[in-house]
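In this note's numbering, the protein residues as written are 210 to 290. Even glycine gets a Cβ: it sits at the ideal position worked out from N, Cα and C. Model, not experiment: these values are computed from the prediction. Remarks on the structure that follows.
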Amino acid sequence: MESEWQNQNLDDLITKRNQGVNTTTEKVTYSESGTTVVRANNITAGVIDYDKVTFVDTETYSRIKDACKPKQGDILYTKHW
210 MESEWQNQNL DDLITKRNQG VNTTTEKVTY SESGTTVVRA NNITAGVIDY DKVTFVDTET
270 YSRIKDACKP KQGDILYTKH W
């Protein structure tokens, strides 16, 4: 079947890869309130479940936001083994 779509390797399309917040190397401790953190386990079938999100305090957010804050047009994906 002819198609206008082309198959490409995801690695060839990604300009910046980020695994998100790494609690070990970035010494992130989640808190009961603060800035919302969406993790891979909050995403199912393309939908973000905000009922089970966690939070980081203001200091932590200030430290990690440049590396971890999605921008408009970014694509978020999860990889389940």
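Item                                                                                              : Value
Whole-angstrom C-beta distance between valine 256 and valine 246, which should lie under 8 Å      : Valine 246 to valine 256, Cβ: 17 Å. No contact.
Residue burial classification, threonine 269 (beta-carbon count within 10 angstroms, cutoff 16)   : buried
The region 229-238 in contact with the region 265-279 per 3-pair CB rule at 8 Å                   : yes
Own chain residues within Cβ distance below 8 Å of alanine 276, not counting five before or after : Asn227
Spatially closest choice to threonine 233 from Asn250, Thr287 and Ile273, by CA coordinates       : Ile273
Length of the line joining the Cα atoms of asparagine 231 and arginine 248                        : 10 Å
Whole-angstrom distance between glycine 229 and proline 279, CA atom to CA atom                   : 9 Å
8 Å Cβ shell around tryptophan 214 - same chain, five flanking residues per side excluded         : none
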